[in-house]
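Q: According to this note's numbering, the first sequence is numbered sequentially starting from 445.
For each residue, glycine too, the CB sits at the ideal point set by N, CA and C.
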Amino acid sequence: METVARGVDARVSGDRIVAAWFGSHRQPFKTPAAQQAHGLEGRVFLSVHRTGKHIVCELGPSASARRPLPAEDLAQLPIEAQWVVHLGMTGRLLVGASDAPVEPHTHARLALASGRELRFVDPRRFGRLEFRDLGSVASFVAPGAEPLTVARDEFAALFRGRKLAIKAALLNQNLLAGVGNIYADESLFRAGIRPRRAAGRLTRDELERLRQALRQVLRHAIRLGGSSVSDYVDAEGQRGFFQLEHRVYLRTGEPCRVCGTPIRRILLAGRGTHFCPRCQR
DNA sequence: CATTTCACCTGGTGGC
DNA sequence: TGCCACCAGGTGAAAT
């Protein structure tokens with residue numbers, strides 16, 4: 445998500461939405477299609493960032509100018525609205541030529557003043573698109589602590605007294621913002637902790653190892669442009685490379701890169717969960 | 001209330 | 001080749 449947000453930010457900031465088209469599928473829309481199109485048309489992209497797993501596009505006032513705005517003018521404009529995108533499992537945000545072939549499962553197309561288009565493509569339709577008018581609703585912030593910046597004590601407090609498995613706790617977006625299945629498994633491996641351990645029973649040392657592992661894994665993954673397991677790509681259609689660094693995720697039966705023991709797969713919180721039975725206690 | 005399960009979708013893969 | 005079971009970056013409603 446961080447990779448996607450950065451890519452989209454670099455490509456659309458300063459550009460203006462001259463027309464918005466939304467497909468007829470009901471599923472991906474938190475805000476009705478017509479309302480989103482109406483809210484978006486004419487607005488300028490001020491910036492794009494990530495909060496948790498959500499990508500937030502800050503939007504300026506509507507205007508009829510047909511040219512993209514220079515950066516120095518952008519800072520003067522008030523943030524009036526947001527377009528919040530959640531990619532689900534298979535969602536992609538792509539910026540490209542407006543005459544590029546439209547892929548199957550394209551649910552939204554925003555035509556930009558620069559002549560390009562921002563497109564939302566999502567085969568499984570688990571993604572969500574929401575338009576927020578900041579005149580009537582608050583600016584969007586994902587719940588949960590940010591794993592990249594959370595302090596030691598705050599991190600430990602998240603799990604205190606909890607009986608659920610630590611893996612399930614990591615995936616709970618109300619506790620930690622933005623940790624998904626890949627990075628939960630990868631950070632638990634690096635911290636040497638079994639995914640089924642009760643969250644509230646981890647020692648102070650284990651919690652601190654986990655916090656550090658999570659931060660390192662996320663930083664490393666962001667540096668490599670994310671994990672491209674099947675079709676994940678950034679705003680330019682480029683794949684990430686962190687999947688080459690996976691030590692357990694989707695490596696069932698393959699030897700552990702540390703001790704050679706075959707990686708095991710169990711079902712936990714309804715998700716495939718991968719770990720090394722020797723390295724993780 | 002905390003926690004678990006399941007439905008929501010499409011597509012790819014691998015076994016028979 | 002076809003058919004079927006199973007798997008996949010996530011969540012939120014319903015059940016326990």
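Can you list, in chain order, the residues of its chain with a C-beta nearer than 6 angstroms to that of G571? Leave out the 5 residues immediately preceding and following it.
A: Cβ within range, chain order: P472, H530, L531, G532 and G535.
Q: Quick one: measure Cβ to Cβ for L521 and L490, integer angstroms, because I've assumed they're closer than 8 angstroms.
A: About 6 angstroms; that satisfies the 8 angstroms criterion.
Q: Looking at the secondary structure, which residues open and close the alpha helix (DSSP H) in which F685 lies?
A: Neither: F685 is in no alpha helix (DSSP H) and is coded neither H nor E.
Q: Out of curiosity, what's the CA-to-CA distance linking A628 and Q660?
A: Their Cα atoms are separated by approximately 12 angstroms.
Q: Once you ignore the five residues that flank D577 on each side, which residues in its own chain have a CB closer than 8 angstroms to its CB?
A: The residues are G483, E524 and A525.
Q: Throw me the rounded Cβ distance for the Q682 and G697 pair, which I believe falls under 8 angstroms.
A: Their Cβ separation, rounded to whole angstroms, is 30 angstroms, which puts Q682 and G697 out of contact at 8 angstroms.
Q: Do T495 and G684 have their CB atoms nearer than 9 angstroms?
A: For T495 and G684, no; Cβs fall outside 9 angstroms.
Q: Touch check for the segment 556-575 and the segment 453-461: three-plus C-beta pairs under 8 angstroms?
A: Touching, yes.
Q: Looking at the secondary structure, which residues open and close the alpha helix (DSSP H) in which F466 lies?
A: First-last for F466: I461 to F466, but that is the beta strand (DSSP E), not the alpha helix (DSSP H).
Q: Do the segment 539-546 and the segment 578-592 meet, that is, are 3 or more Cβ pairs less than 8 angstroms apart?
A: Touching, no.
Q: Could you check which residue in A519, A477, R568 and F603 has the C-alpha nearest to that of G644?
A: Per the Cα distances, F603.
Q: Let's test the definition: count the other Cβ atoms within 10 Å of the Cβ of V677 and tell me whether it reaches 16, buried, or not, exposed.
A: The residue is buried, with at least 16 neighbouring Cβ atoms inside 10 Å.
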